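Visitor: One structure, pasted below without further comment.
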Amino acid sequence: MGANYKNICMELETFLPTVGKQVMKLRQNAELDPDFSRIKADKSIVTKADGISEDLIREWIQERFPDDTICGEERAKKVGGSHTWIVDPIDGTHNFSHRGAMFSISVGLTHNNIPKLGVLFFPAENITVSAIEGGGAFINGKALAVGGGRNLLSEAQVFMVETSLDEAYFSHPRFAKTISQQALLPIKHWAIEGGDASFTYAFLQLITQESIDAMMHLGATPYDVGAICAIAQELGYSVAGYDGGGIDFAKDMIPIVISKNIELHGQILKALAQGS
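Quick note on our numbering: the sequence shown kicks off at 16 and runs consecutively.
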């Protein structure tokens, strides 16, 4: 890879809307296909559109960067070089399959575990959010404001995933520690409309609404946050795991905190540490 991330990002911003049109067309005819959706082993839903979306994105990457690693949610990992593409073909599949608007296509690129670019496309709303390392972050071509947010946890609006909405999924023992940590935060659960439908949709609200100061997920996947982390770092947001460390995209489960304000970020991590 020539590492011209700006040109790569611009190409991807043009390409993902074509993928979005495909998945929207598939959804229009879903009622005619009894096998359009199914439940996976982890209790989450997947549709035929997820697979087709990922296949199209993988073909785009393979054609341009055949030596790169590709990690997608619905297909086997393709092992390659130190550049890794992280693909969520439809983040918010349940919302997508029920004809909601709160879902996205997410593509991130890392190099040696460092985010280099990220693109989110929201097909139902025709919104593109993108960023490249050192180049700022944009929504539909317009630069996004950097930083902001309240600095006191007692005053902050912090989004947390509501586990009670999907008890079957979050009942797995791997979530036990982060659920107990999150319970120690001295704040009430505050919901973002559509946040529990899609973590990338919650992130869209974070970056577009001044009233939201931080967001967190007690057990995200790399596909949830591959693009988000690249965009967040260009907005000057603080990003860390529940343990206060950096994000390791090679892990299957990534508890994550994203805060607009560094002081608020420290207070959240301090509260989480009490339960570690």
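Beta carbons are placed, not taken as given, at the ideal position from N, Cα and C, and that holds for glycine. For clarity, every value in this text was computed on a predicted model and none was experimentally measured.
Just curious, the beta strand (DSSP E) that I101 is in, first and last residue?
Guide: Start and end: H98 to D106.
Visitor: Exposed or buried, what is G35 when buried is set at 16 or more other beta-carbons lying within 10 Å of its beta-carbon?
Guide: It counts as buried.
Visitor: Just the Cα atoms here: how many angstroms apart are S257 and K55?
Guide: A quick correction: the sequence has Tyr, not Ser, at residue 257. So the alpha carbons of these two residues sit roughly 27 angstroms apart.
Visitor: Taking contact to mean 3 or more Cβ pairs, one atom from each stretch, closer than 8 angstroms, check whether the stretch 115-135 and the stretch 222-233 are in contact.
Guide: Contact between the stretch 115-135 and the stretch 222-233 is absent, because fewer than three Cβ pairs lie under 8 angstroms.
Visitor: What would DSSP say about I120, mapped onto helix, strand or coil?
Guide: I120 falls in the strand class under three-state DSSP.
Visitor: Look at D228 and A171 and say whether their C-beta atoms are less than 8 angstroms apart.
Guide: The answer is yes: Cβ separation under 8 angstroms.
Visitor: Looking at the unbroken beta strand (DSSP E) that takes in G256, where does it start and where does it end?
Guide: Note, G256: beta strand (DSSP E), S253 to G256.
Visitor: In or out: T29 buried (at least 16 other Cβ within 10 Å) or exposed?
Guide: T29 should be labelled exposed.
Visitor: Please name the residue in G261, Y238 and T236 whose C-alpha comes closest to that of Q248.
Guide: Cα-wise, what sits closest to Q248 is G261.
Visitor: May I have the straight-line CA-CA distance separating I120 from E278, to the nearest angstrom?
Guide: Approximately 31 angstroms, taken between the alpha carbons.
Visitor: Just how far apart, CA to CA, sit M175 and N141?
Guide: Their Cα atoms are separated by approximately 26 angstroms.
Visitor: Got a sec? Which residues, its chain only, sit under 7 angstroms from R53 by beta carbon, not counting five neighbours each side?
Guide: Once the five neighbours on either side are set aside, the close Cβ partners of R53 are V61.
Visitor: Taking F153 as the reference, which of P138, R165 and L132 has the closest Cα?
Guide: Closest by alpha carbon: L132.
Visitor: Nearest to L31 by alpha carbon, out of G151, K63, N155 and V94?
Guide: If we check each option's Cα against that of L31, N155 comes out closest.
Visitor: Would the beta-carbon of C86 fall within 8 angstroms of that of I76?
Guide: In this structure, I76 does not lie closer than 8 angstroms to C86 by Cβ.
Visitor: Going by Cα to Cα distance, which pick from M231, S186 and A139 is closest to K275?
Guide: Residue M231 is the option with its Cα nearest to K275.
Visitor: Using the C-alpha atoms, what's the distance from K40 back to H269?
Guide: Reading the sequence as shown, one finds Ile at residue 269 and not His. The alpha-carbon atoms of I269 and K40 are separated by roughly 32 angstroms.
Visitor: Quick one, are the C-beta atoms of A235 and I271 less than 8 angstroms apart?
Guide: Yes, these two residues count as a Cβ contact at 8 angstroms.
Visitor: Taking I273 as the reference, give the member of Q289, I246, A288 and Y238 with the closest Cα.
Guide: I273 has its Cα closest to that of I246, out of Q289, I246, A288 and Y238.
Visitor: May I ask you to report which of helix, strand or coil DSSP gives N141?
Guide: Coil, per DSSP.
Visitor: Could you compute how far the alpha carbon of V144 sits from the alpha carbon of A212?
Guide: Using only the alpha carbons, I get a separation of about 18 angstroms.
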